[in-house]
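Working notes for the structure below.
Residue numbers (this note's numbering): 1 to 398.
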């Protein structure tokens with residue numbers, strides 16, 4: 001083990017060196033998840049169950065499980081190392097007001113679209129495997145050393161971003177700001193509810209990880225979404241990106257595009273390496289594409305356009321400001337803290353549904369503090385949002 005990466009929900013997570021655990025690689029850098037020596041039998045079982053779920057995954061855009069050491073103490077789970085951590089932290093670290101380092105610049109539109117297609121491809125794989133994620137968010141996507149984005153985490157996001165989850169009374173924890181209306185109202189989780197969450201991830205990328213529905217309380221978000229509300233387009237967000245968001249935020253689930261179709265809409269002007277590693281271009285992916293009869297969609301945005309950040313951060317706050325978020329935190333600080341072990345692990349929260357949707361037996365809301373900001377295209381052009389019977393959340397200037 002080389003160094004600590006952070007505290008996970010079950011124990012410490014380390015960076016280490018694995019020997020002869022990947023064919024053709026004598027040594028490999030990896031993430032090593034451990035279980036606290038004081039963990040209960042149930043917690044140990046959940047820890048190993050997460051690994052059991054992950055071992056079924058074998059695709060480039062989902063973080064790989066490399067091995068499990070179940071004999072002796074502590075039990076270890078060996079995972080692919082994602083050098084830049086979670087996508088939420090990565091996006092926030094590239095805001096212009098975070099660092100004086102001139103080499104750290106906001107991502108270009110081309111990089112954002114590359115990340116978007118990689119996430120969609122990983123989710124298309126999980127959907128084809130009949131897995132429902134239920135917690136897709138930037139905090140649960142990981143960034144590799146070559147900037148490839150993959151679905152997965154080291155089990156740390158529940159602690160680092162605990163305020164993204166909210167408990168009401170004795171009910172469980174769910175990330176309301178990323179949830180589809182049918183999930184909020186009826187507790188139904190399907191691949192189509194994952195698509196809704198993907199739209200929120202696109203919004204996070206467009207704003208460099210601002211808080212969704214900023215300025216609204218948890219209960220207000222829940223009511224707003226159930227009643228047909230969606231977030232407004234971030235100012236000067238490229239046409240293509242917001243069009244994808246609106247497709248994902250259709251309140252009728254069958255109108256939302258499957259992940260394979262989302263991949264097809266992002267194929268133009270991406271890395272040539274994508275075709276070699278993607279699920280979309282694999283034999284299994286081609287079979288899924290045949291089912292949907294997917295065709296490529298044209299794009300009107302120039303992916304080489306550099307992105308610039310606004311220094312007027314309030315331009316990107318949706319109905320609120322940093323002060324609003326402080327008020328939200330103050331409103332909720334009396335809630336009983338939630339032990340990390342009561343949060344669903346990232347992969348353990350997936351359910352291997354076959355023909356029936358996943359149902360939740362509880363309800364919750366979430367909040368997360370953030371400093372609002374976002375990138376905008378130099379192009380600055382914006383197309384009108386597609387017409388549908390939804391409510392747009394208006395941007396207010398403070």
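Heads up, the beta-carbon is just placed ideally off N, CA and C, and yes, glycines get one too.
Asked: Distance between residue 230 and residue 70 (C-alpha atoms, nearest Å); Found: 45 Å
Asked: Contact check, residue 130 vs residue 56, beta carbons under 8 Å; Found: no
Asked: Euclidean distance between Cα positions of residue 372 and residue 211; Found: Since pLDDT at residue 372 reaches only 38, below the 50 mark, its modelled position is unreliable, and no value is offered.
Asked: Beta-carbon separation (whole angstroms), residue 184 vs residue 225, contact threshold 8 Å; Found: 6 Å
Asked: Alpha-carbon to alpha-carbon, residue 37 and residue 108; Found: 45 Å
Asked: Residues sharing a beta bridge with residue 18, DSSP; Found: 28
Asked: Contact the segment 17-28 vs the segment 103-119: 3+ CB pairs below 8 Å; Found: no
Asked: Residue nearest to residue 194 in terms of C-alpha spacing, selected from 132, 66, 275, 271; Found: 132
Asked: Short Cβ contact (8 Å threshold) for residue 62 with residue 11; Found: no
Asked: Which of helix, strand or coil DSSP assigns to residue 86; Found: strand
Asked: Closest Cα partner of residue 32 within the set 42, 45, 68, 52; Found: 68
Asked: Alpha-carbon to alpha-carbon, residue 201 and residue 258; Found: 15 Å
Asked: Residues near residue 284 by beta carbon distance below 7 Å, same chain, minus five either side; Found: 128
Asked: Inter-residue Cα distance where the pair is residue 248 and residue 52; Found: 30 Å
Asked: Cβ-Cβ distance between residue 266 and residue 91 below 8 Å; Found: no
Asked: Residue 245 versus residue 203 - alpha carbon distance; Found: 7 Å
Asked: N- and C-terminal bounds of the beta strand (DSSP E) containing residue 237; Found: Element bounds for residue 237: n/a, residue is neither H nor E.
Asked: Reduced DSSP secondary structure (H/G/I, E/B, other) of residue 227; Found: coil
Asked: Top-ranked residue by Cα proximity to residue 146, from 232, 22, 82; Found: 82
Asked: Where the beta strand (DSSP E) through residue 150 begins and ends; Found: 149-151
Asked: Three-state class that DSSP yields for residue 11 in the structure shown; Found: coil
Asked: Cross-strand partners of residue 48 (DSSP beta bridge); Found: Looking at the DSSP assignment, residue 48 forms no beta bridge with any residue, so it has no partner.
Asked: Local Cβ density within 10 Å of residue 2, reported as buried at 16 or more and exposed below that; Found: exposed
Asked: Residue environment, residue 218, which counts as buried when at least 16 other CB atoms sit within 10 Å; Found: buried
Asked: Presumed contact (8 Å Cβ cut-off) between residue 221 and residue 176, rounded CB distance; Found: 6 Å
Asked: Strand pairing of residue 401, partner residues [DSSP]; Found: With the chain running from 1 to 398 in the structure shown, residue 401 is simply not present.
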